[in-house]
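Take the sequence shown: its position 233, counted from the start at 1, is 233 in UniProt numbering, and no numbers get skipped. First the structure, in the form of structure tokens, and then the observations on it.
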Amino acid sequence: MARIPGFFLDQLCCKLFTPFVPMFLPAKMFRYAQVAHIPGALYFDIDGISDRTTHLPHMLPLEEAFAAAVSALGISNHDKVIVYDGKGFYSAPRVWWMFRILGHDKVWVLDGGFPQWQASGFNIGSSCPDDAVLKSKAANIAVETAYNGELANAATFQTEFRHQLLWTLEKVKHNVAAKAHQVVDARVKGRFDGVMPEPREGVRSGHIPGTKCVPFPEMSDGAQTLLPADELSKKFEQAGISLDGPIVLTCASGVTACILALGLYRIGKHDVPVYDGSWTEWEALPDNDYPIVTSTGS
């Protein structure tokens, strides 16, 4: 049997995990699934399984809401969870991070995602199973119910929140002055520098003072598979980041920062926190208290 790293699966090793729960994570949940998906996959909606008390997109939900949603999906604490997405290497690391921060370590990201699965000639489902649709809807309803202070069904999935993996706005603001942690932004350089627009309407580009940039596409190769540890280390070091020092990650809305978290995990840094609100939260606040830096200085 090939060696299986702690967080990472190659295409052949994936088939050796049993039982497992593959989870499909498209940008539009059922649009891709109606075309093609891994047979037996569940559907995890990062916008549905999210905090209902904020306008910020897909923020981490309360523990009890996550537990209710995952229970509704039929996942237990004993299950091995394999996460993949339709792009190869984009949103799956966010779900990997969500499971980890809530205490579930038996979670892996399928390297190369669905494109590599398909290219490897493995079986593909071509229609969206009714059971998967119903479970996904039930998960979203479970989150809503939890935020309403109700419990439709007792959650069977148990969580254990790991505070060290999450940073808040207050921590980031304090760090701007203290400079105790190296803040690394996963957005592309143009958005980081403030010379390219942000994809969200009304959001300015630029970055948090003192932040360095490692664009998330640099974590993977042309086949959308994660780079080897030594190459990942070089990417961070070339951006002026000391891998011996503490790091915190940010991006636009907490998704692509998790790609950097996965890369750092492969290097051996297992407890790197993510600033969940990220740029979307910081940019919306008054500049006097939450300054914005651009390459043009404006």
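Just so it is clear, CB atoms sit at the ideal spot from N, CA and C, and this is done for glycine as well.
- The straight-line gap separating the alpha-carbon atoms of Ala67 and Ala139 is approximately 10 Å.
- Closest by C-alpha distance to His78, out of Arg204, His174, Gly113, Lys106, is Lys106.
- Each residue's CA atom was taken as its position, placing Gln118 and Thr225 some 14 Å apart.
- The alpha-carbon of Cys128 is positioned some 35 Å away from that of Val203.
- Here the C-alpha atom of Asp221 lies approximately 11 Å from the C-alpha atom of Gly88.
- Here Ser136 carries a helix assignment [DSSP, helix/strand/coil].
- If you draw a 10 Å sphere on the C-beta of Thr159, you find 16 or more other C-beta atoms in it, and that means buried.
- When Cβ pairs closer than 8 Å are counted between the two stretches, the stretch 229–246 is seen to touch the stretch 205–218, the count reaching three or more.
- Uninterrupted beta strand (DSSP E) stretches at least 3 residues long and entirely within the stretch 160–230 occur at 182–185, given in chain order.
- For Leu264, there is no enclosing beta strand (DSSP E); the enclosing alpha helix (DSSP H) covers residues 257–267.
- Between the alpha carbons of Ser126 and His37 lies a distance of about 7 Å.
- Taken through DSSP and simplified to helix, strand or coil, Gly125 comes out as strand.
- Among the bridge pairs identified by DSSP, Lys106 is matched with none.
- A check of alpha carbon separations from Gln116 across Tyr84, Leu56, Tyr265, Asp276 identifies Tyr84 as the nearest.
- Residue environment: His55 is assigned as exposed (fewer than 16 neighbouring CB atoms within 10 Å of its CB, all protein chains considered).
- Around the Cβ of Thr250, a 10 Å sphere holds 16 or more other Cβ atoms; the residue is buried.
- For Ile101, the enclosing alpha helix (DSSP H) starts and ends at 92–101.
- Here the C-alpha atom of Trp279 lies approximately 15 Å from the C-alpha atom of Pro273.
- Counting along the chain, Thr250 sits inside the beta strand (DSSP E) bounded by residues 247–250.
- Annotated three-state conformation of Leu232 is helix, per DSSP.
- When DSSP states are grouped into helix, strand and coil, Val272 belongs to the coil group.
- Comparing C-alpha distances from Arg200 to each of Met59, Asp45, Cys258, Ser253 shows the shortest one belongs to Ser253.
- A direct Cα-to-Cα measurement between Ala155 and Asp193 gives close to 44 Å.
- For Ile141, the secondary structure class from DSSP, reduced to helix, strand or coil, is helix.
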